[in-house]
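Chemist:
There are 2 protein chains.
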Amino acid sequence: MYSTGMSGTDTAHKLIEATQELLWERGYVGTSPRAIQQRAGAGQGSMYHHFGGKPDLARAAVRKSAQEMRAAAEADLSREGSARERVRAYLGRERSVLRGCRIGGLAQDPDVVADPELRAPLQETFEWLRARLTEVLAEGRANGEFGPAFDPAGTAATIVAVVQGGYVLARSAGDPGPFHEALDGLLRLLDCQAAEPGTRS
Amino acid sequence: MYSTGMSGTDTAHKLIEATQELLWERGYVGTSPRAIQQRAGAGQGSMYHHFGGKPDLARAAVRKSAQEMRAAAEADLSREGSARERVRAYLGRERSVLRGCRIGGLAQDPDVVADPELRAPLQETFEWLRARLTEVLAEGRANGEFGPAFDPAGTAATIVAVVQGGYVLARSAGDPGPFHEALDGLLRLLDCQAAEPGTRS
DNA sequence: GTCTATAGCCCGATAGAC
DNA sequence: GTCTATCGGGCTATAGAC
Numbered sequence: 001m002y003s004t005g006m007s008g009t010d011t012a013h014k015l016i017e018a019t020q021e022l023l024w025e026r027g028y029v030g031t032s033p034r035a036i037q038q039r040a041g042a043g044q045g046s047m048y049h050h051f052g053g054k055p056d057l058a059r060a061a062v063r064k065s066a067q068e069m070r071a072a073a074e075a076d077l078s079r080e081g082s083a084r085e086r087v088r089a090y091l092g093r094e095r096s097v098l099r100g101c102r103i104g105g106l107a108q109d110p111d112v113v114a115d116p117e118l119r120a121p122l123q124e125t126f127e128w129l130r131a132r133l134t135e136v137l138a139e140g141r142a143n144g145e146f147g148p149a150f151d152p153a154g155t156a157a158t159i160v161a162v163v164q165g166g167y168v169l170a171r172s173a174g175d176p177g178p179f180h181e182a183l184d185g186l187l188r189l190l191d192c193q194a195a196e197p198g199t200r201s
Numbered sequence: 001m002y003s004t005g006m007s008g009t010d011t012a013h014k015l016i017e018a019t020q021e022l023l024w025e026r027g028y029v030g031t032s033p034r035a036i037q038q039r040a041g042a043g044q045g046s047m048y049h050h051f052g053g054k055p056d057l058a059r060a061a062v063r064k065s066a067q068e069m070r071a072a073a074e075a076d077l078s079r080e081g082s083a084r085e086r087v088r089a090y091l092g093r094e095r096s097v098l099r100g101c102r103i104g105g106l107a108q109d110p111d112v113v114a115d116p117e118l119r120a121p122l123q124e125t126f127e128w129l130r131a132r133l134t135e136v137l138a139e140g141r142a143n144g145e146f147g148p149a150f151d152p153a154g155t156a157a158t159i160v161a162v163v164q165g166g167y168v169l170a171r172s173a174g175d176p177g178p179f180h181e182a183l184d185g186l187l188r189l190l191d192c193q194a195a196e197p198g199t200r201s
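Line by line, the protein sequences give chains D and S. Start counting the first sequence at 1; every next residue gets the next number (full-length UniProt numbering). Start counting the second sequence at 1; every next residue gets the next number (full-length UniProt numbering).
This is the structure:
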């Protein structure tokens, strides 16, 4: 049994990956050790040998998913190009919209928010994302892409929320449409934040 | 057993209200008939006499919650005042942020989105809200509150998403702060959509 | 490390008395 | 209408053999 994120055996990895998938598909309450074992092709004893139980395994899985989500966002945000282009690349990335956000979706689960170790990766991921977007937008303002009244931190908070809310609306509609409409509306609002013509460096 | 939303007995009402509360607190998967009966002060037989089972009772509860949410939004959006004031009133309404949205929270549950009758109230509520916000914003543009390039429908979609996403971020953080930051950022973006000085009617 | 067996509890639902 | 009894099954976890 370990949960410190180090290498681990093949079986342990399979268990973590199966848990990641099931947490995404069914949430924490809806994910049973039994289902994890079946998807991982491992037995009871195997799972309880490597992990202390469902919460322990879930903590490892959520940490890994958070890391992966952060890496994907960083890939878009650290591209070449203007701030607006990088934000657009982040927002326009292909997503399996109807599946929802692997991290944000867990925030709905009462057992997740009640367990500080389970909730921490959610909080840290969104805080990191907001801070990273703030950096990008602040660079954009410094370059004259946005006017001096433009608020990088507040806008970053809004961007993160629109993506998460877009997932909620799409799943409610059973259709990715509302997700894209919300993002398009946001981009149009952003486009109007341009500095006055001629002031751009 | 009924589920057509008509008056019904006192016990049936208590069961629906208990279900509304539990769906909000624990989600659909996390809500058991047993827990509903205990909170409503009713027995097994009572519940299965009035309703066909958990899905049937949940459908009645979700429809009622959706109606209540819509009424609350309409109260803010039909006030006296400018479009911007009404949107601000809607966004600024007191909310128990950490509880999340009674309707949007259910979109995360796979059993809810898989059941068309259970998902329909979610879709309809958000569609109605978006349409209503579009109306308000279009009035604002007609009155000269916003410039001619302003996009009421796209902005309405974004507004709905920011609120839903704000709940996700707040629950992830265990703190209402991110909800309010996202809304403030949105309002700042909206403020920059003003028509040029002097063009307002 | 992995297996099977078992535990005790809750799930969602049905049956039938009153 | 409401009650209690009961069902078959899944849940999370532990025990102990191999």
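Here a beta-carbon is modelled for each residue, glycine too, at the ideal position from N, C-alpha and C.
Near S/Thr155, which residues of its chain fall below 7 Å by C-beta distance, leaving aside the five closest residues on each side in sequence?
Modeler: Leu137
Chemist: Just grab the DSSP bridge partners of D/Phe126 for me.
Modeler: According to DSSP, D/Phe126 bridges with nothing at all.
Chemist: Pull the bridge partners of S/Phe51 from the DSSP assignment, please.
Modeler: Per DSSP, none; premise fails for S/Phe51.
Chemist: With a threshold of 8 Å, are at least 3 pairs of Cβ atoms found where one atom belongs to the segment 92-100 of chain D and the other to the segment 49-57 of chain D?
Modeler: no
Chemist: Interface residues of chain S around D/Thr158 at Cβ under 7 Å?
Modeler: Val162, Ala182, Gly185, Leu186 and Leu189
Chemist: Starting from the N-terminal side, write out each stretch of the alpha helix (DSSP H) that is 4 residues or longer and does not extend beyond the segment 110-164 of chain S.
Modeler: 110-114 and 116-142
Chemist: Helix, strand or coil, according to DSSP, for S/Ala72 in the structure here?
Modeler: Looking at S/Ala72 - three-state DSSP - the assignment turns out to be helix.
Chemist: Would you say D/Leu25 faces chain S, with C-beta separation under 8 Å as the test?
Modeler: Position check: residue 25 of chain D holds Glu in this sequence, whereas Leu was assumed. Interface residue, yes.
Chemist: Suppose contacts are defined by Cβ-Cβ distances below 8 Å. Is S/Pro176 in contact with S/Ala170 by that definition?
Modeler: Yes; because the gap between Cβ atoms is below 8 Å, this pair is in contact.
Chemist: According to DSSP, is S/Ala194 part of a helix, a strand, or is it coil?
Modeler: strand
Chemist: Enumerate in chain order the residues of its own chain whose CB-to-CB distance from D/Gly140 is below 7 Å, with the five nearest sequence positions on each side excluded.
Modeler: Shown here for D/Gly140: same chain residues with a beta carbon closer than 7 Å to its own, the five before and five after excluded, namely Ser82, Ala83, Arg84 and Phe146 in chain order.
Chemist: Output needed for S/Ser46: all residues of its chain with C-beta closer than 6 Å, excluding positions within five of it in sequence on either side, in chain order.
Modeler: If we look at S/Ser46 and ignore the five residues flanking it on each side, its Cβ neighbours are Thr11.
Chemist: Out of curiosity, what's the CA-to-CA distance linking D/Leu190 and D/Lys64?
Modeler: 32 Å
Chemist: Closest Cβ-Cβ distance between S/Gly53 and chain D: below 8 Å?
Modeler: no
Chemist: Within a Cβ cutoff of 6 Å, which residues of the same chain sit near S/Thr31, ignoring the five residues on either side of it in sequence?
Modeler: Leu22 and Leu23
Chemist: Could you compute how far the alpha carbon of S/Thr199 sits from the alpha carbon of D/Ala195?
Modeler: Model confidence at S/Thr199 stands at a pLDDT of 48, short of 50, so the residue's coordinates are unreliable; what they give is reported in the following sentence. Computed Cα separation, rounded: 20 Å.
Chemist: Answer with yes or no whether the minimum CB distance from S/Ala60 to chain D is below 8 Å.
Modeler: no
Chemist: Determine the burial state of D/Gln44: buried for a count of at least 16 other Cβ atoms within 10 Å of its Cβ, exposed for fewer.
Modeler: exposed
Chemist: Report the rounded CA-to-CA distance for S/Leu77 versus S/Ala89, giving the unit in angstroms.
Modeler: 8 Å
Chemist: Counting along the chain, where does the alpha helix (DSSP H) carrying D/Ala35 start and finish?
Modeler: Its alpha helix (DSSP H) spans residues Pro33 to Ala40.
Chemist: Specify the secondary structure class of S/Glu25 as computed by DSSP and reduced to three states.
Modeler: Three-state result, S/Glu25: helix.
Chemist: Taking 8 Å as the threshold (beta carbon to beta carbon), is S/Phe146 in contact with chain D?
Modeler: no
Chemist: Tell me which residues share the same chain as D/Leu133 and place their Cβ nearer than 6 Å to its Cβ, disregarding the 5 neighbours each side in the sequence.
Modeler: If we look at D/Leu133 and ignore the five residues flanking it on each side, its Cβ neighbours are Ala156 and Ile159.
Chemist: Who are the near neighbours of D/Trp128 in its chain, counting only those whose CB is closer than 7 Å to its CB and skipping five residues on each side?
Modeler: Arg70
Chemist: Helix, strand or coil: how does DSSP classify S/Ile103 here?
Modeler: coil
Chemist: Please decide whether S/Leu91 counts as near chain D, where near means a Cβ-Cβ distance under 8 Å.
Modeler: no
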